[in-house]
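Enquirer: Under this note's numbering, the letters of the sequence shown match residues 7 to 344, in that order.
In this text, a Cβ means the ideal position worked out from N, Cα and C, and glycines have one as well.
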Amino acid sequence: MKLRLGIVGCGDIATFTTLFAKLNRGIDVAACCDISAERAAKFARRFRIPQQYTAYENMLAQADLDAVYLAVPHHLHHPMLLQAIASDKPTFVEKPVTRTWAEGIEVARLSAENKVKIAVNYQYRYDKGCYALARAVQGGNLGAIESVHINVPWSRQAGYFENAGWHTHIATAGGGTLITQGSHFLDIALWALGEQPLNAIGSTLKRRFPDVEVEDTAHGEIETESGAVIVIDSTMAADKERGVTIEVVGERGSARYSNRPFPHVRFRGVRVRKARPPQRGIHALQRSIEGFRAWVVDDEPYLTPAHEALPVLAAVEAVYKSAKTGQPAIIRTENNHA
Ligand SMILES: NC(=O)c1ccc[n+]([C@@H]2O[C@H](COP(=O)([O-])OP(=O)(O)OC[C@H]3O[C@@H](n4cnc5c(N)ncnc54)[C@H](O)[C@@H]3O)[C@@H](O)[C@H]2O)c1
């Protein structure tokens with residue numbers, strides 16, 4: 007069976023995901039939707055998509071779809087996911103699952119209660135280096151983990167905010183570089199550890215974009231259940247874009263991930279057979295969309311179902327809270343609504 011997919015939000019990331027969806031023989035991109043009729047029409051022409059909509063409700067009601075892909079601003083994830091669940095449509099939603107942790111909890115609960123699959127596109131879980139790193143940590147190859155250091159030195163120019171105004175506001179984006187960019191790699195660290203984050207301290211800066219509401223630079227230190235510490239530095243204001251690194255120190259060995267010149271991980275002090283991501287493809291995003299298809303059609307588990315995307319959101323919110331108050335923040339989890 008071909009998965010008939012409807013794309014919602016014909017913007018930046020949807021272009022890349024749709025390229026990979028079109029290459030996938032198991033996916034039929036059947037409809038697209040954008041609040042801008044011009045964008046929807048251009049997108050439909052470019053990818054030869056037969057049906058186009060400007061209202062999500064109409065697409066859900068009228069198009070013959072098996073699933074939807076939400077690539078819209080963060081504040082729309084929650085209402086659109088609730089509508090998808092009510093319409094019984096499995097959904098591939100862009101990260102973060104929702105703008106806030108409280109909204110995410112509701113989505114995860116409704117997804118489970120109604121048995122509607124919600125996959126969150128933290129596609130670095132399908133990145134070869136990140137996957138091998140996470141599986142090695144999960145398999146105990148490095149022993150007990152002491153620390154994880156994440157560095158995300160990215161560079162965005164004014165056009166990033168000018169072309170997509172929703173990025174500038176907390177109400178629409180939830181935050182800046184930490185929730186949008188750093189959260190990919192914070193998710194990898196938490197997934198690798200398989201632990202809930204407990205508390206965090208953090209700080210944020212506006213180095214390049216002082217007039218924008220959200221931060222362009224963030225620092226966080228997050229303690230997890232076993233006492234491991236995750237340190238993250240995320241910026242979109244680096245002088246020039248450099249590679250992302252994740253360094254993990256364990257009692258038996260260490261690991262260093264980098265995405266430059268291509269995604270890879272190196273281990274020190276231990277011999278590790280590198281695990282390979284479950285899906286085929288040349289790019290993590292390609293494997294992630296195929297992972298979603300395989301989950302919906304063949305019931306093969308997807309790496310980030312909605313409830314798995316909650317710890318990173320809780321950690322991000324705690325870093326923001328600490329940055330605002332100047333105090334350590336206790337992290338909210340499903341068992342601990344601090
Ligand atoms: N996985 C990744 O690597 C990655 C990369 C970039 C962005 N993202 C995520 O993708 C999502 C979208 O980001 P983007 O950079 O593509 O944003 P964008 O602004 O380029 O695109 C968003 C699109 O949504 C449309 N839209 C807004 N309101 C709508 C509505 N009510 N109905 C239908 N369409 C609507 C806009 O017109 C726009 O075309 C965000 O969650 C973002 O964090 C993920």
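#1: Note down, in chain order, each residue of its chain lying with its Cβ closer than 6 Å to the Cβ of Gln57, except the 5 sequence neighbours on either side.
#2: First and last residue of the beta strand (DSSP E) that includes Arg10?
#3: What are the boundary residues of the beta strand (DSSP E) that includes Ser117?
#4: Give the straight-line distance between the Cα atoms of Ala47 and Asn127, rounded to the nearest whole angstrom.
#5: Closest to Ser264 by C-alpha separation, out of Leu25, His155, Tyr62, would be which residue?
#6: Just checking, does the stretch 247–255 make contact with the stretch 221–229 on the three C-beta pairs under 8 Å criterion?
#7: From which residue to which residue does the beta strand (DSSP E) around Leu76 run?
#8: Output the residue ranges of the alpha helix (DSSP H) runs that lie fully inside the stretch 184–257 and measure 4 residues or longer, sorted by chain position.
#9: Can you tell me where the beta strand (DSSP E) holding Tyr59 begins and where it ends?
#10: When every heavy atom of ligand 1 is checked, does at least one fall within less than 7 Å of the C-beta of Ile19?
#11: Comparing C-alpha positions only, which one of Glu231, Gly188, Pro311 sits nearest to Val122?
#12: Buried or exposed, going by whether 16 or more other CB atoms sit within 10 Å of the CB of Tyr132?
#13: In the structure shown, what three-state DSSP assignment does Ala125 receive?
#14: Under the criterion of a Cβ to heavy atom distance below 7 Å, does Ser42 qualify as lining ligand 1?
#15: Rank Pro269, Ile288, His289, Ser117 by C-alpha distance to the C-alpha of Lys280 and give the top, closest one.
#16: Contact between the stretch 281–299 and the stretch 177–192 is defined here as three or more beta-carbon pairs at a separation below 8 Å; is this criterion met?
#17: Going by DSSP, name the residue or residues bridged to Gly262.
#18: Count the other C-beta atoms from every protein chain shown that fall within 10 angstroms of the C-beta of Ser232, then say buried if there are 16 or more, exposed otherwise.
#19: Apart from the five residues on each side of it in sequence, which residues of its chain come closer than 7 Å, Cβ to Cβ, to Thr23?
#20: Does the stretch 326–334 touch the stretch 201–212, meaning 3 or more C-beta pairs lie closer than 8 Å?
#21: Determine the burial state of Phe26: buried for a count of at least 16 other Cβ atoms within 10 Å of its Cβ, exposed for fewer.
#22: In terms of DSSP beta bridges, what is Pro311 paired with?
Expert: In terms of the structure at hand:
#1: Residue numbering aside, residue 57 sits at position 51 when the sequence shown is read from its first letter. Here the set comprises Ala37, Ala69.
#2: By 1-based counting over the sequence shown, the position of residue 10 is 4. Its beta strand (DSSP E) spans residues 9–14.
#3: The sequence position of residue 117 within the sequence shown is 111, counting from 1. Ser117 -> not in any beta strand (DSSP E); alpha helix (DSSP H) instead, spanning 107–120.
#4: Within the sequence shown, residue 47 is the residue found at index 41, counting from 1. Within the sequence shown, residue 127 is the residue found at index 121, counting from 1. Roughly 25 Å between the two C-alpha positions.
#5: Start at 1 with the first residue of the sequence shown, and residue 264 comes out as number 258. When each option's Cα is compared against that of Ser264, the closest is His155.
#6: no
#7: Here residue 76 corresponds to residue number 70 of the sequence shown, with the count starting at 1. Unbroken beta strand (DSSP E) run through Leu76: 73–76.
#8: 189–199
#9: Here residue 59 is taken as the residue at index 53 of the sequence shown, counted from 1. Taken as a continuous stretch (DSSP letters only), the beta strand (DSSP E) holding Tyr59 covers 57–59.
#10: Indexing the sequence shown from 1 puts residue 19 at position 13. Ile19: yes, Cβ under 7 Å from ligand 1.
#11: To locate residue 122, count along the sequence shown from 1; it is residue 116. For the residues Glu231, Gly188, Pro311, the minimum Cα distance to Val122 belongs to Pro311.
#12: Position 126 of the sequence shown holds residue 132. With 16 or more Cβ atoms within 10 Å of its Cβ, Tyr132 is classed as buried.
#13: Your numbering for residue 125 matches position 119 in the sequence shown. The answer is strand: DSSP assigns Ala125 an E or B state.
#14: What you label residue 42 is simply residue 36 of the sequence shown in a count that begins at 1. Yes.
#15: Within the sequence shown, the letter at position 274 stands for residue 280. Nearest of Pro269, Ile288, His289, Ser117 to Lys280, Cα basis: Pro269.
#16: no
#17: Position 256 of the sequence shown, counted from the first residue, corresponds to residue 262. Inspection of the sequence shows that residue 262 is occupied by Arg rather than by Gly. Partner(s): Glu253, Arg272.
#18: Working through the sequence shown from its first residue, we reach residue 232 at position 226. The residue is exposed, with fewer than 16 neighbouring Cβ atoms inside 10 Å.
#19: Counting from 1 along the sequence shown, the entry for residue 23 is found at position 17. Excluding positions up to five away in sequence, the list reads Tyr75, Ala77, Leu291, Ile295.
#20: yes
#21: As a working note, residue 26 is residue 20 in the sequence shown. Per the 10 Å Cβ criterion, buried.
#22: Within the sequence shown, the letter at position 305 stands for residue 311. Note: Pro311 sits in a beta bridge opposite Ala125.
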